[in-house]
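Some notes on the structure that comes next.
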Amino acid sequence: MNDEGFGKGSHLHLIDGSAFIFRAYHALPPLTRKSDGLPVGAVAGFCNMIWKYINDARGPDAPTHAAVIFDHSSKTFRNEIYGDYKANRPEPPEELRPQFPLTREATRAFNLACIEIRDYEADDIIATLACQARELGGTVTIISSDKDLMQLVGDGVDMLDPIKGKSITRDEVFEKFGVYPDRVADVQALAGDAVDNVPGAPGIGIKTAAQLINEYGDLESLLARAEEIKQPKRRQTLIDHAEQIRISKRLVQLDCKTPIDFAMATLEVKDPDPAVLMDFLNQMEFRTLTNRVAERFKAAPPEPVAPAKTETSAPAAPQFPPLNCENYVTIRDMDTLRQWLDAIRDKGVVAVDTETTSLDEMQADLVGVSLCPEVGMAAYIPLGHVEGTADLFGGGARTEGQISMEEALAALKPVLEDPAILKIGHNAKYDWKILARYGIRMAPLDDTMLLSYALNAALHNHGMDELAQTYIGHRCQPIKELIGAGKNQITFAQVPIDRATRYAAEDAEVTWRLWQHFKPQLPAAQVTTVYETLERPMIEVLAGMEMAGVQIDSDHLRAMSGAFAQKMAQLEDEAHALAGCKFNLGSTKQLGDILFNQMGLAGTKAGKSGALSTSADVLEDFAAEGHELPARILDWRGISKLKSTYTDALPTYVNPETGRVHTSYSIAGAATGRLASTDPNLQNIPVRTEEGRRIREAFIAPEGRKLVSLDYSQIELRILAHMADIPALKQAFSEGIDIHAMTASQMFGVPVEGMDPMIRRRAKAINFGVIYGISSFGLSRNLRIPRAEAQEFIDTYFKRFPEIRAYMDRTTREAKTQGFVRTLFGRRIHTPGISSSGPAAGGARRAAINAPIQGTAADIIRRAMIRMPKAIEGLPAKMLLQVHDELVFEAEDSAVESLISIAREIMENAHIPAVHLSVPLVVDAGAGRTWAEAH
DNA sequence: CAGCTCACG
DNA sequence: GACGTACGTGAGCTGG
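full-length UniProt numbering puts the first residue of the first sequence at 1, with every later residue one more than the last.
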């Protein structure tokens, strides 16, 4: 071996790499790499230890040469000597395995020699290198606390415990073994080692072994003169086990003749290459260490490969300085825009917000776009600002200093559509729709509103202002301060650009910060899958439905309005005559005065304000007693409701460009996971009465097409049967039996055949009552029976289906202990107030019982909706509406049958494979020229 | 802007 | 023994 470059004055450090790995593994929590979940806890600890070692090993004692030594594999030449050597070592844990090669990579990244040799233990390599270094006149420090290495200490070789920072010399070894290093192997051979499964001599430990060795000089002399030992038992043991002791000696004696195929000079210490090292650490996503290394080498840290996160698994809210709106940039030229877009490309993620002229995405014009790629860094691109309306005709001129809309969108489009760049929005469906109308399909997306919803449903609402206030302690500037309110309200286009920049860029930065706050919380809250499969995909699906819109027959509605007006006028006259005075039929206050004071009728219910209620069920009771006025009022109200809410209002929602009505669904509105439809609400179009149903005749398909409706049959009861595990209910659903008749039959012991409809109705009411968290009061009111009787029904029901009560108790307990309940798909619904006392607790309890059922149904139809666009791709058909358990499509006549068959298939299997239900899901379908016919 | 009422699942 | 209740929504109207 050529050893130029190593000799007198050289100082070799030999680092016990395998020991580092195991120490790191056991000392650290099981960290995983954020981007892909690869376990890296041991690698992280290993790197930190190496980094600390490098920093500590400076100064006068600094090594001239160094190497990190690893065990190559578990089987070594010692197994040839003794088959059971280290046999009781457990296999390394599964999550540690993939980390072994990574620690080798780490070693090389630190520019340290990385050594492992097949069939040899790290200890033997260390021993061999130590011997060679000593022969060449150098000194050696072994970085390890392994007692098996202590036999090497002395004569220019010492050890350093890397954890305690304590050096181990001849004296420390004597303290531990009672002998000096050259006899340590003899002592170990006698004492044996349980950890490595070295047998040794039975009944002899370190103390006795040291005593014997000190008395006889060395192991061979001891074994040769074993007859002389005074203690009979000890003597016999040594005689009987001489061979075993000699084998043990060969096991513990380190081999200084490991074949080494490299020159000592190659171990010369070299500084790490900062770029190589930081690249590796960055790959591992060790942010803190990367930054530390960068700081040391005064180099810029590489851009993280994944969103900035802490290295711990516990999500902590990032702490940032307060927002500083003064730094916001207004982008007024293409050069600046291109620079920002380049920075965003490098970053791979950006918060985006659009400003427009209206809250109605289908009519709003784009006014500007704001971007935030990092805390404290946000920009606004004004695109459609106009001069304020100085006079009646002069206003509306395009403001100077804006990039042309066309040019800016052409530059933005590739970034907003780049699959490698994540766009973050708050209520991103809004921005998605706006941009879609300008030819941009924004993807991929994250939505801070939906993140908050997945984490905190039913705890609070998820508007940006509220979240900013709660989670980042920031009060957003109210939009009213810019555009005013009421009659004098202006549009965002008229807001001066400097003020607009401040507002819009702030929104983007708040969105960015909310994302940093919420996104890391998903795993620990176990709602990652909920967010990714039930929330986020809804954005694009709903945007498509909303933009498609539904056609209505405005003439039909207007004709109905006219007829309703006539009928109302007639009823109004009759009511006035019956009351003996004129009054406003729409005023509950005036009506109450007439009914309860003038006519002396006895009110039953009181509202919040203490006024007696004039609600329908109260009026119905009066009408049943033969009073004419309440009957007229009921008729009038029914028509008034239909007219004002539907026949008058719906035509005003027709979009002048598309000629259709475009509702908007809120994804994060309802506590349970249901959607809510607004502007207009198309989820409460009448259907229960014949007259109301005529309004559905105004929902139509264009010539050559049909409306197709598919709805889940009894989905909530089916889910209840599954979740509460009620055999009788499950069986009935499996056999396709009339579920309410079955319930009645089981409860009252009457045959299903020829059942009294009244009995079935009662069972039906109870079935629904159970879903809502039944009470005798509620049931008695619903069925108009005495409370005691209602209580009897409930008792009978619980006796017959005891699983129901178990479900209710279980769910209540879950709500109390966790503060939330979950749907079958893992959606979290919080249950505030469940542990409070008083009447509020009753409501909270019923809500908690209902939430998993209603929420699971909501999850199922969401899954169906998400799969639907792909499933019906190619068919001349579009999904238009969702009404909780119903989906409405528009399809060409020729495609109706295939649509029904495909959509039914998707809906009935929507829960699979995430959840398997013990009851079948059944979907009914219909088609027709109008929604009324399709139903 | 709150309360009442009522449309839907 | 009394409290006050069915679960989940949105919208129009009245009246302070």
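Glycine included, C-beta positions come from ideal geometry on N, C-alpha and C. All values derive from a computational prediction rather than experimental measurement.
query	result
Bridge-paired residues (DSSP) for lysine 706	Ala891
Straight-line Cα distance separating aspartate 279 from glutamate 80	42 Å
Span separating the alpha-carbon of isoleucine 554 from that of glutamate 540	The sequence as given places serine at residue 554; isoleucine does not occur at that position. Approximately 29 Å between the Cα atoms of the pair.
Option in Ala891, Leu917, Ala910, Asn456 with minimal Cα separation from glycine 926	Ala891
Isoleucine 771 vs glutamate 716 beta-carbon contact at 8 Å	yes
Touching by the beta-carbon criterion (3+ pairs, under 8 Å), the segment 588-605 and the segment 617-634	yes
Supposed close pair glycine 928, isoleucine 849 - CB separation, criterion 8 Å	About 37 Å separates the two Cβ atoms, so there is no contact after all.
Under the three-state DSSP convention, the category alanine 724 falls into	coil
Outcome for leucine 619 when other beta-carbon atoms lying within 10 angstroms are tallied against a minimum of 16	buried
Alpha carbon of glutamine 211 to alpha carbon of valine 198, nearest angstrom	20 Å
Whole-angstrom distance between proline 98 and alanine 57, CA atom to CA atom	29 Å
Coil, strand or helix - proline 382 by DSSP	strand
Bridge-paired residues (DSSP) for threonine 356	Leu366
Aspartate 333 versus Val352, Val349, Glu407, Leu38, residue with shortest Cα-Cα distance	Glu407
Helix, strand or coil at alanine 308 according to DSSP, with G and I counted as helix	Note that alanine 308 has pLDDT 43, beneath the 50 cutoff, so the model's placement of it is unreliable and the number below is only indicative. It is coil, neither helix nor strand.
Leucine 459 beta carbon less than 8 Å from that of proline 920	no
The segment 232-240 touching the segment 172-184, judged by at least three CB pairs closer than 8 Å	no
Cysteine 372 burial status per 10 Å Cβ neighbour count (16 or more: buried)	buried
Pair within 8 Å by beta-carbon distance, alanine 113 and threonine 266	yes
Nearest to glutamine 551 (by Cα), restricted to the options Asp809, Tyr653, Asp679, Arg292	Tyr653
Of the residues Ala294, Tyr380, Ala454, the one placed nearest glutamine 402, counting alpha carbons only	Tyr380
Contact under 8 Å by Cβ, serine 664 with tryptophan 931	no
CA nearest to the CA of residue 937, picked from Arg558, Ala565, Leu601, Ala559	An answer regarding residue 937 cannot be provided, because it is not within the stretch 1 to 935 covered by the chain.
As assigned by DSSP and simplified to three states, the class of aspartate 71	coil
Under the three-state DSSP convention, the category threonine 831 falls into	coil
Cβ-heavy atom distance, glutamine 489 to the ligand FMN, below 7 Å	For the structure depicted, the ligand FMN is absent and the ligand set is empty, with no information on it obtainable.
Pair within 8 Å by beta-carbon distance, residue 946 and threonine 501	The question about residue 946 has no answer, for the chain in this structure spans 1 to 935.
Residues of its chain near alanine 314, where Cβ-Cβ distance is below 6 Å and the 5 sequence neighbours each way are ignored	Unreliable placement is indicated for alanine 314, whose pLDDT of 43 sits below 50; no coordinate value is reported for it.
Any 3 or more C-beta pairs closer than 8 Å across the segment 518-526 and the segment 413-422	no
Nearest to glutamine 244 (by Cα), restricted to the options Ala191, Gly59, Val184	Ala191
The segment 684-697 in contact with the segment 849-866 per 3-pair CB rule at 8 Å	no
Local Cβ density within 10 Å of glutamate 228, reported as buried at 16 or more and exposed below that	exposed
Nearest candidate by alpha-carbon position, reference glutamate 908, set Phe820, His740, Ser713	Ser713
Tryptophan 515 versus leucine 451 - alpha carbon distance	8 Å
Helix, strand or coil at methionine 377 according to DSSP, with G and I counted as helix	strand
Contact the segment 800-807 vs the segment 716-726: 3+ CB pairs below 8 Å	yes
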